[in-house]
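Residue numbering for the sequence shown is 1 to 766, as defined by full-length UniProt numbering.
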Amino acid sequence: MESLRQSFLHLTFQMSSYKRATLDEEDLVDSTGDDIYPSHPLQVTLLQGRAPWCWTSKTKRERRLLLLVCLLSVGLFIFVITTGVFYKQTHPGLCLSAPCVTVASAVMAALDRSVDPCHDFYNFACGGWVKNNPLPEGKSRWGPFSNLWEHNMLIMKHLLENTTMKGLSNAEEKAQRYYQACMNEAKIEKLGANPLQDLISQLGGWALTEPWNKSNFQEVLTMVSANYRASPFFTVFVSTDSKNSNSNIIQVDQSSLGLPSRDYYLNKTANEKYLTAYLDFLVELGVLLGGTKETSQVLMEEIVSFETTLANITIPQEERRDEELIYHKMEAKNLTTLAPAVDWMPYLREVFAPVPLNDSEPVVVYAKEYLEKVSDLITRTNKSLLNNYMIMKVVRKMVSILDQRFQDAEQRFLEVMYGTKKSCTPRWKLCVSDTDSALGFALGAMFVKDTFAEDSKTIAENMVGEIKWAFEDSLKYVNWMDVETKKAAKEKADAIYNMVGYPEFIMNATKLDKVFNDFEVVPDLYFQNVMQYYNFSGRVTADQLRKAPNRNQWSMTPPTVNAYYNPTKNEMVLPAGILQAPFYSRTWPKALNFGGIGVVMGHELTHAFDDQGREYDKDGNLRSWWKNSSVDAFKKQAQCMVEQYGNYSINNEPLNGRHTLGENIADNGGLKSAYKAYVKWIEKHGEEPTLPALGMTNHQLFFVGFAQVWCSVRTPESSHEGVITDPHSPSRFRVVGSISNSPEFSKHFGCKADAPMNPKHKCELW
1 MESLRQSFLH
11 LTFQMSSYKR
21 ATLDEEDLVD
31 STGDDIYPSH
41 PLQVTLLQGR
51 APWCWTSKTK
61 RERRLLLLVC
71 LLSVGLFIFV
81 ITTGVFYKQT
91 HPGLCLSAPC
101 VTVASAVMAA
111 LDRSVDPCHD
121 FYNFACGGWV
131 KNNPLPEGKS
141 RWGPFSNLWE
151 HNMLIMKHLL
161 ENTTMKGLSN
171 AEEKAQRYYQ
181 ACMNEAKIEK
191 LGANPLQDLI
201 SQLGGWALTE
211 PWNKSNFQEV
221 LTMVSANYRA
231 SPFFTVFVST
241 DSKNSNSNII
251 QVDQSSLGLP
261 SRDYYLNKTA
271 NEKYLTAYLD
281 FLVELGVLLG
291 GTKETSQVLM
301 EEIVSFETTL
311 ANITIPQEER
321 RDEELIYHKM
331 EAKNLTTLAP
341 AVDWMPYLRE
351 VFAPVPLNDS
361 EPVVVYAKEY
371 LEKVSDLITR
381 TNKSLLNNYM
391 IMKVVRKMVS
401 ILDQRFQDAE
411 QRFLEVMYGT
421 KKSCTPRWKL
431 CVSDTDSALG
441 FALGAMFVKD
451 TFAEDSKTIA
461 ENMVGEIKWA
471 FEDSLKYVNW
481 MDVETKKAAK
491 EKADAIYNMV
501 GYPEFIMNAT
511 KLDKVFNDFE
521 VVPDLYFQNV
531 MQYYNFSGRV
541 TADQLRKAPN
551 RNQWSMTPPT
561 VNAYYNPTKN
571 EMVLPAGILQ
581 APFYSRTWPK
591 ALNFGGIGVV
601 MGHELTHAFD
611 DQGREYDKDG
621 NLRSWWKNSS
631 VDAFKKQAQC
641 MVEQYGNYSI
651 NNEPLNGRHT
661 LGENIADNGG
671 LKSAYKAYVK
681 WIEKHGEEPT
691 LPALGMTNHQ
701 LFFVGFAQVW
711 CSVRTPESSH
721 EGVITDPHSP
731 SRFRVVGSIS
741 NSPEFSKHFG
751 CKADAPMNPK
761 HKCELW
């Protein structure tokens, strides 16, 4: 009872303070005057000695007055309680728990309060972080993603090195063995270049070290593709048929180049230092593999010149965004007509062995014009040069698994390419990363069991549901879309399948072992294990050809700090690796969680409706399910973002608004959905306590939390590479571009009309 009384007194005190703080001076009643009720009847009766609480002894007027006082007292009591509850809801106080104090300190340290948030929100949110986080040695870029990946790698290192762990599955033991072989530097140094030189001999040799005049183009092309997963002129793989999402199919596309993009070859003046560094790197590799400096120089100059010709016929990525236009389904035998320089059927049978193939095997080609041109190029190019180029594609894949001389050569190239400062990256980091690539789901099982709380999966799944609701509710207000298409869009959003944390099979040792049963990992022979992995992955790929697409087949391993949306499965995937601070913590205010992982979830969901994802229906099939009027309206709305982001530049280099369109749509939609979901959460649960010392509302904290996920530093060279190759905008513009399209941001930060972060004309799709 005493505690209730104290609570009431505390509430009354708060109420008193609240009224005084919020009412204007003129609304207060002055109760100190001498002339208020000078001859109050109640005072008179008390002085006259009547029994004050005897109702029958009261006059009619006294009774009325007492009744009025009682009613006023009850009313005042109800008012105090109601207003107190309201005050608690709207002024919930500070969160002073240890996690809140810690995260408040981190948020504050990242801010630059000298910057007006309405003028430059990225520098306001990240200025302090940028100042306090110089690029680590050996890194070309650094940010929360990088920092969290480093954290995850340390955990994986511990797991891979702890060979005394009990109850590991065979697959998990293979992951440890693979890592240990990678770490056996003494063995790797002793073998030197021999493993790769032997491999080149098996391919028939090349003109670098011996006279060469052979007619074995078809055989070498087949071997480097089938055995070593190299793709000299084009790439072939198995994936879901975009127009029949219930089946897998062989797909053919243009291949990548030695440098990150065709632009490096075509704009030689701007990229001279990169081309020079690339040529020097290739020449050094040639010398390390037994060639003379002179021979290697001539051969590598020919290769770079040939690759420049390839770059000229490669189609730019921004011209390949409409998948309806680039999808061409045909029978395998028609490839011979399209690109006669390749003996297609023997090639495909070897690449996808042991699966039987015939001339009528369906194939999807995504680079029809390119294949025609590359076939002509192969036909008119010297066979020795073709062979040298194919061998070099294999050599490039093997550099990181050879002795230190090869890695030093690559490091010197990367220093120029990405502007990194020379550093001695610990061997274990390379080995953890490679083990994650080869046996990531076995390593992922160990990672999940060690770090991932099971209820985190449920919490994240519930949060995805809240984001999905927000997106679907926003659909009601999309005025450029017709009713019928809007209904179909809601059905697609409803049908999105959520994959959170990890695929279920990795928690079952029997199922996990079955997946890696054919992958033989031997002790101490790293090069051999990598070759085994290439063979294993080739068999897995071929095996998928005759199977239906499997939702349990993830494209990211559980420790990965990233997320993705797959249009042919209409699914979004959020690995365990990203479900951690700074994206999410169960002890943080919801404002930060919605601004962090909530925006990530909204981003991936919105990909289902970006300029590429929107072409797929709810079942993952590429087909026209929009009315033409809505397609035209979408393109008009999207053009606004193409122009908005195209007007941004970094280091005087303009962004490509067409190339980054899909990611920009996802960024904007993700921010909007996450904020809407947060507001709905508040309506349901009430305002949460604010963080101490920041002087921010939680609505402001939401936007700051979103921005601080993207705080980053980057070398000019890396920024240049990003502008050319990355479908995402640079971090600064992922923040600035999205919030400048958000009326809610400007409302909560009080931005005046036409402030830089509050332009009059805003772009909006979803």
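The beta carbon of each residue, even a glycine, is placed where N, CA and C say it ideally should be.
All values reported here derive from a predicted model rather than from experimental measurement.
- Message: Beta-carbon within less than 7 Å of S738's beta-carbon, same chain only, minus the 5 sequence neighbours each way: which residues are those?
- Response: As a working mapping, residue 738 is identified with position 738 in the sequence shown. Same-chain partners within the cutoff: D667, N668 and L671.
- Item | Pairwise C-alpha distance: F124 and L96 | As a position in the sequence shown, residue 96 is number 96, starting the count at 1. As a position in the sequence shown, residue 124 is number 124, starting the count at 1. Distance between the alpha carbons of L96 and F124: 24 Å.
- For the candidate residues D253, N664, N271 and N246, whose alpha-carbon lies nearest to that of T235? The residue you call residue 235 lines up with position 235 of the sequence shown. Taking only the C-alpha atoms, the option nearest T235 is D253.
- Message: Taking the straight line between their C-alpha atoms, what separation do you get for R546 and P356?
- Response: Counted from its first residue, the sequence shown places residue 546 at position 546. Counted from its first residue, the sequence shown places residue 356 at position 356. Roughly 10 Å separates the two Cα atoms.
- Same chain, Cβ closer than 7 Å to E284, five either side skipped, listed in chain order: One-based indexing of the sequence shown puts residue 284 at position 284. Here the set comprises A409.
- Item | DSSP beta-bridge partners of G501 | By 1-based counting over the sequence shown, the position of residue 501 is 501. G501 pairs with P575.
- Simplified DSSP assignment, three categories, for R396: The residue labelled residue 396 in the question sits at position 396 within the sequence shown. Three-state DSSP puts R396 in a helix.
- What residue does the alpha helix (DSSP H) around Q637 start on, and which one ends it? Here residue 637 refers to the residue found at position 637 of the sequence shown. It spans N628 to G646 - the alpha helix (DSSP H) in which Q637 sits, taken as one unbroken run.
- Query: What is the DSSP secondary structure of F749, counted as helix, strand or coil?
  - Reply: The count along the sequence shown starts at 1 and reaches residue 749 at position 749. It is helical.
- Out of E472, Y347 and T314, state which residue places its alpha-carbon closest to the alpha-carbon of L377. Indexing the sequence shown from 1 puts residue 377 at position 377. Among E472, Y347 and T314, the Cα nearest to that of L377 is on T314.
- Span separating the alpha-carbon of P41 from that of T690: As a working mapping, residue 41 is identified with position 41 in the sequence shown. As a working mapping, residue 690 is identified with position 690 in the sequence shown. Caution applies to P41, whose pLDDT of 32 falls short of 50 and renders its modelled position unreliable; the value that the coordinates give is listed next. About 51 Å.
- Task: Pick out the complete beta strand (DSSP E) segments inside the segment 321–354, 3 residues or longer, and give them in chain order.
- Result: 328–331
- Message: Quick check on I249: does DSSP put it in helix, strand or coil?
- Response: Here the question's residue 249 lines up with position 249 in the sequence shown. In the structure shown, I249 sits in a strand (DSSP, three-state: E or B).
- Query: For I496, which residues does DSSP report across the bridge?
  - Reply: Here residue 496 is taken as the residue at index 496 of the sequence shown, counted from 1. Partner(s): none; I496 has no beta bridge.
- Item | V103 - containing alpha helix (DSSP H), residue span | Within the sequence shown, numbered from 1, the residue matching residue 103 stands at position 103. Looking at the DSSP string, the run of the alpha helix (DSSP H) that includes V103 is A98 to A110.
- P354 and A332 closer than 9 Å at C-beta: Taking the first residue of the sequence shown as 1, we reach residue 354 at position 354. Taking the first residue of the sequence shown as 1, we reach residue 332 at position 332. Going by C-beta atoms, P354 is not nearer than 9 Å to A332.
- Are the C-beta of P503 and some C-beta of chain C separated by less than 9 Å? The question asks about chain C, but that chain is absent: this structure has only one protein chain.
- Task: Measure the C-alpha to C-alpha separation of L622 and K422 and round it to an integer number of angstroms.
- Result: In the sequence shown, the residue the question calls residue 622 occupies position 622. In the sequence shown, the residue the question calls residue 422 occupies position 422. If I take the Cα positions, the gap works out to 46 Å.
- Message: Considering only DSSP beta bridges, list what residue 767 is partnered with.
- Response: Residue 767 is absent from the model: the chain starts at 1 and stops at 766.
- Message: Can you list, in chain order, the residues of its chain with a C-beta nearer than 7 Å to that of G705? Leave out the 5 residues immediately preceding and following it.
- Response: Your numbering for residue 705 matches position 705 in the sequence shown. Around G705: A591, L592, G595 and G596.
- Task: Report the option in Y534, D543 and M446 whose CA atom is closest to the CA atom of I506.
- Result: To locate residue 506, count along the sequence shown from 1; it is residue 506. That would be M446, whose Cα lies nearest to the Cα of I506.
- Would S555 be called buried (16 or more neighbouring beta carbons within 10 Å of its own) or exposed? Start at 1 with the first residue of the sequence shown, and residue 555 comes out as number 555. Result: exposed.
- Message: Taking contact to mean 3 or more Cβ pairs, one atom from each stretch, closer than 8 Å, check whether the segment 312–328 and the segment 360–374 are in contact.
- Response: yes
- Query: What separation, rounded to the nearest whole angstrom, lies between the Cα atoms of Y278 and T420?
  - Reply: As a position in the sequence shown, residue 278 is number 278, starting the count at 1. As a position in the sequence shown, residue 420 is number 420, starting the count at 1. One C-alpha to the other measures close to 15 Å.
- Task: Would you mind sorting L154 into buried or exposed? The rule is 16 or more other CB atoms within 10 Å of its CB.
- Result: For the purposes of this step, residue 154 is identified with residue 154 of the sequence shown, where counting begins at 1. Exposed, by the Cβ-count rule.
- Can you say whether S261 is buried or exposed, counting buried as having 16 or more other CB atoms within 10 angstroms of its CB? Counting from one through the sequence shown, the residue named residue 261 turns up at place 261. So S261 ends up on the buried side.
- Query: Is it true that the segment 175–194 meets the segment 216–233, where meeting means three or more beta-carbon pairs spaced less than 8 Å apart?
  - Reply: no
- Query: By a C-beta neighbour count over all protein chains shown, 10 Å radius and 16 as the cutoff for buried, is N248 buried or exposed?
  - Reply: Here the question's residue 248 lines up with position 248 in the sequence shown. Buried, by the Cβ-count rule.
- Task: Please name the residue or residues paired with E415 in a DSSP beta bridge.
- Result: The residue labelled residue 415 in the question sits at position 415 within the sequence shown. BP columns for E415 are empty, so no partner.
- Cβ neighbours of S746 in the same chain (closer than 8 Å, five flanking residues each side left out): As a working mapping, residue 746 is identified with position 746 in the sequence shown. Hits under 8 Å: C118, A755, M757 and N758.
- Query: Which ranges would you report for the alpha helix (DSSP H) in the segment 640–701 if only whole runs of at least 4 residues count?
  - Reply: 661–685
- C-alpha distance - E491 paired with I724, whole-angstrom precision: As a first step, residue 491 must be located in the sequence shown, where it is residue number 491. As a first step, residue 724 must be located in the sequence shown, where it is residue number 724. For E491 and I724, the distance between alpha carbons rounds to 36 Å.
- Give the straight-line distance between the Cα atoms of T560 and S305, rounded to the nearest whole angstrom. In the sequence shown, residue 560 corresponds to position 560, counting from 1. In the sequence shown, residue 305 corresponds to position 305, counting from 1. C-alpha separation (whole angstroms): 37 Å.
- Does the Cβ-Cβ distance between V432 and V500 come in under 9 Å? The residue given as residue 432 occupies position 432 in the sequence shown. The residue given as residue 500 occupies position 500 in the sequence shown. No, they are not a contact pair.
- Query: Does DSSP classify N216 as helix, strand or coil?
  - Reply: Translated into the one-based positions of the sequence shown, residue 216 becomes position 216. N216 falls in the coil class under three-state DSSP.
- Rounded to whole angstroms, what's the CA-CA distance from L289 to N741? Just pull it up for me. In the sequence shown, the residue the question calls residue 289 occupies position 289. In the sequence shown, the residue the question calls residue 741 occupies position 741. Between L289 and N741, the C-alpha separation is close to 55 Å.
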